[in-house]
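Numbering (my numbering), first residue to last: 260 to 578.
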Amino acid sequence: MKNIFSEIRKLKKEKGALILAHYYMSPELQLLEKDGGIADFIGDSLGLSIEATRVKAENIVFCGVKFMAETAKVLNKAKHVFIPDKEAGCSLASSITAQDVRELKKKYPGVPVIAYVNTYAETKGECDICCTSRNALKIAKSFNSNELIFIPDVYMGQNLQGVLEAETNKRLILWNGKCEVHEQFTGSSMNSIKASYPEAEVLLHWEVPRETVAAAFQKTKGVLGSTNDILKYVGESDAKQFILASECDLGATLKNLYPAKEFITPCIKCQHMKKISLTNTLQALKSIGTSNAVKYEIDLPEDVIERAYLPIKRMMDFV
Ligand code: SF4
Numbered sequence: 260m261k262n263i264f265s266e267i268r269k270l271k272k273e274k275g276a277l278i279l280a281h282y283y284m285s286p287e288l289q290l291l292e293k294d295g296g297i298a299d300f301i302g303d304s305l306g307l308s309i310e311a312t313r314v315k316a317e318n319i320v321f322c323g324v325k326f327m328a329e330t331a332k333v334l335n336k337a338k339h340v341f342i343p344d345k346e347a348g349c350s351l352a353s354s355i356t357a358q359d360v361r362e363l364k365k366k367y368p369g370v371p372v373i374a375y376v377n378t379y380a381e382t383k384g385e386c387d388i389c390c391t392s393r394n395a396l397k398i399a400k401s402f403n404s405n406e407l408i409f410i411p412d413v414y415m416g417q418n419l420q421g422v423l424e425a426e427t428n429k430r431l432i433l434w435n436g437k438c439e440v441h442e443q444f445t446g447s448s449m450n451s452i453k454a455s456y457p458e459a460e461v462l463l464h465w466e467v468p469r470e471t472v473a474a475a476f477q478k479t480k481g482v483l484g485s486t487n488d489i490l491k492y493v494g495e496s497d498a499k500q501f502i503l504a505s506e507c508d509l510g511a512t513l514k515n516l517y518p519a520k521e522f523i524t525p526c527i528k529c530q531h532m533k534k535i536s537l538t539n540t541l542q543a544l545k546s547i548g549t550s551n552a553v554k555y556e557i558d559l560p561e562d563v564i565e566r567a568y569l570p571i572k573r574m575m576d577f578v
């Protein structure tokens, strides 16, 4: 293990590359280079998108899933963006196509379309603005229209609708996409964990089902929000135990940041995120500048980049 870390660090220098890693990566990929790991930046979707625009290196290796690497490419079209496994997909991103959005727009003419960043670049290109879980609410509230199309996460949409209803008269038209990880946190599983840890507070991602949110907050304090909201909440809370309803390896991030606190989770892992490993990260780096690079490099048609740029750029203005 030690050897592969140093080999990756050496290759990064030789190839003029840096590594961006998502919070849902396995713990060994979530270690910054300055702490003995390989990553130059660790973050959520929005944090990584922002970092992608600041990057000076000519080559970016993205340890995350494909839609994230595509976003980095759209924001850095002159740079080379690599993903260690192009098959690292996402059940939300694959639930909707650009054609589906065109049909929605025909069905609801003039209604603005907000795309969660968990969509492919071609789909984003048909939308007015993108959002991440961190700024979705702020973006929805910014529109004058009382009707908004929100794609593709139905649970996140229902959770956002709950907050919007209390504060505005906006109605979201939803798509039926689901995150295959967060949909597994059910109301009954939440109730049984709560029964075993009655002192624990709850940490829920926007992508969990509505009934889970209701069960979680019954007589219990906690937060419903983005990955960043969850990290912030734990830092500010006096509680010692937390029930985590999000991807399992976010627990590793939390434990690194708050070693004195305990995180209880059924540990549901995203099979797509887990396709990325130290080994294929090393292979992607080795490929840079060789004919093997096509296996790892994100290659988007120019017109897709052009169309997706504006909705992503608008999202970044809502940081
Ligand atoms: S955790 Fe869910 S939303 Fe995130 S990449 Fe995996 S399937 Fe997609």
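All residues carry an ideal CB built from backbone N, CA and C; glycine is no exception.
Predicted, not measured: the structure shown is a model, and the values here were computed from it.
Residue i: beta carbon under 7 angstroms from a heavy atom of the ligand SF4?
i: Asn-377; result: yes
i: Val-440; result: yes
i: Ala-322; result: Note on identity: in this sequence residue 322 is Cys, with Ala being the wrong assignment. Every heavy atom of the ligand SF4 is 7 angstroms or more from the Cβ of Cys-322, so no.
i: Cys-390; result: no
i: Tyr-283; result: yes
i: Leu-351; result: yes
i: Met-532; result: yes
i: Cys-386; result: no
i: Cys-507; result: no
i: Cys-529; result: yes
Provide the residue span of the alpha helix (DSSP H) that contains residue i, from first to last.
i: Ile-492; result: Rather than Ile, the amino acid found at residue 492 in this sequence is Tyr. Note, Tyr-492: alpha helix (DSSP H), 486–495.
i: Ala-249; result: Look at the range of the chain in this structure, 260 to 578, and you will see that residue 249 is not part of it.
i: Gln-500; result: Careful: Gln-500 lies outside any alpha helix (DSSP H), inside the beta strand (DSSP E) at 500–504.
i: Phe-326; result: 325–334
i: Leu-541; result: 537–546
i: Ala-276; result: Taken as a continuous stretch (DSSP letters only), Ala-276 belongs to no alpha helix (DSSP H), being part of the beta strand (DSSP E) at 276–281.
i: Ile-452; result: 446–455
i: Ile-398; result: 395–401
i: Glu-381; result: 380–383
i: Asn-551; result: No alpha helix (DSSP H) holds Asn-551; DSSP gives it neither H nor E.
i: Ala-352; result: Unbroken run through Ala-352: none, as it is neither H nor E.
In this structure, how does DSSP classify residue i when only helix, strand and coil are distinguished?
i: Ile-571; result: helix
i: Tyr-375; result: strand
i: Leu-462; result: strand
i: Gly-481; result: strand
i: Arg-430; result: strand
i: Glu-266; result: helix
i: Gly-436; result: strand
i: Val-370; result: coil
i: Asp-359; result: helix
i: Ile-523; result: strand
i: Gly-296; result: coil
i: Val-314; result: coil
i: His-531; result: coil
i: Val-578; result: coil
i: Tyr-414; result: helix
i: Ser-285; result: coil
i: Ile-557; result: coil
i: Asp-562; result: helix
So, are the CB atoms of residue i and residue j less than 8 angstroms apart?
i: Trp-434; j: Ile-355; result: yes
i: Phe-239; j: Asn-377; result: This structure cannot speak to residue 239, because the chain is shown only from 260 to 578.
i: Ala-498; j: Glu-470; result: no
i: Glu-329; j: Leu-559; result: yes
i: Ile-452; j: Ile-502; result: yes
i: Glu-310; j: Phe-300; result: yes
i: Ala-374; j: Lys-383; result: yes
i: Phe-577; j: Ile-398; result: yes
i: Lys-274; j: Gly-548; result: yes
i: Glu-381; j: Val-440; result: no
i: Gln-420; j: Tyr-456; result: no
i: Leu-483; j: Asn-418; result: yes
i: Ser-308; j: Leu-334; result: yes
i: Arg-268; j: Glu-292; result: yes
i: Ala-316; j: Ala-280; result: no
i: Pro-468; j: Tyr-414; result: yes
i: Asp-412; j: Glu-466; result: yes
i: Leu-509; j: Tyr-282; result: yes
i: Ala-511; j: Gln-289; result: yes
Let's see if you can read the secondary structure: which residues bound the beta strand (DSSP E) around residue i?
i: Leu-290; result: Element bounds for Leu-290: n/a, residue is neither H nor E.
i: Gly-302; result: 300–302
i: Ile-388; result: 388–390
i: Asn-318; result: 318–322
i: Leu-407; result: 406–410
i: Ile-342; result: No beta strand (DSSP E) holds Ile-342; DSSP gives it neither H nor E.
**Asked** Quick check: the segment 475–490 against the segment 530–542, are there 3 or more CB pairs under 8 angstroms?
**Response** no
Cβ pair count under 8 angstroms reaching 3, the segment 337–357 against the segment 311–325: yes
>> So, does the segment 359–373 touch the segment 536–556, judging by three or more C-beta pairs under 8 angstroms?
In response: no
- Decide if the segment 392–407 is in contact with the segment 365–373; the criterion is three or more beta carbon pairs, one per stretch, under 8 angstroms apart. yes
| How about the segment 434–449 and the segment 387–398: do they share at least three Cβ pairs that are nearer than 8 angstroms? | no
| Three-pair Cβ contact test at 8 angstroms for the segment 472–480 versus the segment 428–443 | no
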